[in-house]
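Residue numbers (this note's numbering): 65 to 366.
Each residue gets a CB set at the ideal place from its N, CA and C atoms; glycine is no exception.
The structure displayed is predicted, hence computed values, not measured ones.
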Amino acid sequence: MTATVSAREAYRVELTELAAHDPRIVCLEADLGGASHCFKDRFPDRFLNLGIAEASAVDIAVGLASAGLRPFVSTFATFAAFRAAESVKLGLGYLAAPVVLVSPYGGVSGAWFGPTHHCLEDLAVMQSLPGVRIAVPAGEAETREAIRVAAAGDRPCYVRLGRNEVFDASFAPAGRGAVTWLNPMSDDTCLVSIGEKPTALCQTVTESQPDLGHAHLCWVDAESLALAIPHLAGARRLIVVEEHRPAGSVASTLALLLPDREVRGVNAGTDWPTEGGSHDETLAALGLTTSAVLSAVLEGKK
Numbered sequence: 065m066t067a068t069v070s071a072r073e074a075y076r077v078e079l080t081e082l083a084a085h086d087p088r089i090v091c092l093e094a095d096l097g098g099a100s101h102c103f104k105d106r107f108p109d110r111f112l113n114l115g116i117a118e119a120s121a122v123d124i125a126v127g128l129a130s131a132g133l134r135p136f137v138s139t140f141a142t143f144a145a146f147r148a149a150e151s152v153k154l155g156l157g158y159l160a161a162p163v164v165l166v167s168p169y170g171g172v173s174g175a176w177f178g179p180t181h182h183c184l185e186d187l188a189v190m191q192s193l194p195g196v197r198i199a200v201p202a203g204e205a206e207t208r209e210a211i212r213v214a215a216a217g218d219r220p221c222y223v224r225l226g227r228n229e230v231f232d233a234s235f236a237p238a239g240r241g242a243v244t245w246l247n248p249m250s251d252d253t254c255l256v257s258i259g260e261k262p263t264a265l266c267q268t269v270t271e272s273q274p275d276l277g278h279a280h281l282c283w284v285d286a287e288s289l290a291l292a293i294p295h296l297a298g299a300r301r302l303i304v305v306e307e308h309r310p311a312g313s314v315a316s317t318l319a320l321l322l323p324d325r326e327v328r329g330v331n332a333g334t335d336w337p338t339e340g341g342s343h344d345e346t347l348a349a350l351g352l353t354t355s356a357v358l359s360a361v362l363e364g365k366k
């Protein structure tokens, strides 16, 4: 499937389609609804725009879940992970309420919005909450599949999305614990991509390194990663590319799960962006580029 819309829009469309067949589904937005929202247009009595009240949105969703509904809450990734952190911890973590938290603006996809709207730490926060499943889909098809999986289950989920970019992903989505091989592994080194931009970077690198394996993961909570380990164990070196800080990253979790393998992360580092710019420009300023991925690959071959 070739993407025709952003992952953010794919979420809205897929949720609206699912809601037509599942009356339990309700949609809550925290200042991201906009003037037009397909779910709101079709199911106005099941749509709530709660404004700049992210913690309250999560609390309300937990209450709706306790009444047998399947709430989906959408807000900026940084506000979900930090402003609403206590509500997420108690509602999705402690109470294990089947709430799905869908967060666009993950990483630095907010670009010119600046550090207040960037989020390179959300996976670390969510990874620390036992029982919360985490998805970082790449492209329309995988986003739609992640939303379907979340809606069909009874577990709390966090789904991290980008902003408005359209990612051309022609690969079929894999389920939890599975690996999508975008390039077969011919030597002992394997790239592991998390999310849209990192997947695109890895695809560019494998064009010049055809023997380099490229595994893409969508579900990245510790439980899901443990299920994926048998698919990755054939590699001696894993280079995990992700739009996140080193601390609490997928690379750090895989390193714990694969103690006898070399696991290296290529990520957004520990610096703060000091200038405005596009998504790509901000990533470049943080060192998450094609050349950084290629350098990590070549260093291991010395």
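Between the segment 238-254 and the segment 150-164, do at least 3 Cβ pairs fall closer than 8 Å?
no
State the DSSP-derived secondary structure class of Glu107, mapped to helix, strand or coil.
Here the question's residue 107 lines up with position 43 in the sequence shown. Note that residue 107 corresponds to Phe in the displayed sequence, not to Glu. Looking at Phe107 - three-state DSSP - the assignment turns out to be coil, as it is neither helix nor strand.
Where the beta strand (DSSP E) through Gly367 begins and ends
Since the first and last residues shown for the chain are 65 and 366, residue 367 lies out of range.
Compare the C-alpha of Thr80 against each of Arg212, Leu265, Leu255 and Glu185 and name the closest.
By 1-based counting over the sequence shown, the position of residue 80 is 16. Out of Arg212, Leu265, Leu255 and Glu185, Arg212 has the C-alpha closest to the C-alpha of Thr80.
Rounded separation between His101 and Glu363 - CA only
Walking along the sequence shown from the start, residue 101 turns up at place 37. Walking along the sequence shown from the start, residue 363 turns up at place 299. Spanning the two alpha carbons is a distance of roughly 48 Å.
Roughly how many angstroms lie between the CA atoms of Ala83 and Pro135, to the nearest whole one?
The count along the sequence shown starts at 1 and reaches residue 83 at position 19. The count along the sequence shown starts at 1 and reaches residue 135 at position 71. In a straight line, the C-alpha of Ala83 is about 11 Å away from that of Pro135.
From Thr263, Leu321, Gly333 and Pro108, residue whose alpha carbon lies closest to that of Glu185
The count along the sequence shown starts at 1 and reaches residue 185 at position 121. With distances taken between Cα atoms, Glu185 lies closest to Gly333.
Per DSSP, what kind of secondary structure is Glu199 in: helix, strand or coil?
Against the sequence shown, residue 199 aligns to sequence position 135. Correcting the residue type first, residue 199 is Ala in the shown sequence and not Glu. Strand, per DSSP.
Just to confirm, are Val357 and Val284 a CB contact at a threshold of 9 Å?
Start at 1 with the first residue of the sequence shown, and residue 357 comes out as number 293. Start at 1 with the first residue of the sequence shown, and residue 284 comes out as number 220. In this structure, Val284 does not lie closer than 9 Å to Val357 by Cβ.
Does the Cβ-Cβ distance between Leu154 and Val137 come in under 9 Å?
Here residue 154 refers to the residue found at position 90 of the sequence shown. Here residue 137 refers to the residue found at position 73 of the sequence shown. The answer is no: Cβ separation not under 9 Å.
Burial state of Asp123, where buried means 16 or more other Cβ atoms lie within 10 Å:
Reading the sequence shown from its first residue, position 59 is the one you call residue 123. The residue is buried, with at least 16 neighbouring Cβ atoms inside 10 Å.
Buried or exposed: where does Arg106 fall if 16 or more other Cβ atoms within 10 Å of its Cβ makes it buried?
One-based indexing of the sequence shown puts residue 106 at position 42. Classification of Arg106: exposed, given that the 10 Å Cβ count is below 16.
Would the beta-carbon of Leu276 fall within 9 Å of that of Asn247?
What you label residue 276 is simply residue 212 of the sequence shown in a count that begins at 1. What you label residue 247 is simply residue 183 of the sequence shown in a count that begins at 1. In contact: Leu276 and Asn247 (Cβ atoms closer than 9 Å).
Nearest residue (CA-CA) to Gly226, options Glu339, Ser288 and Lys261:
As a position in the sequence shown, residue 226 is number 162, starting the count at 1. Here the closest residue by C-alpha is Lys261.
When you compare only the Cα positions, how much space is there between Thr346 and Val172?
Locating residue 346 in the sequence shown gives position 282, counting from the first residue. Locating residue 172 in the sequence shown gives position 108, counting from the first residue. About 7 Å.
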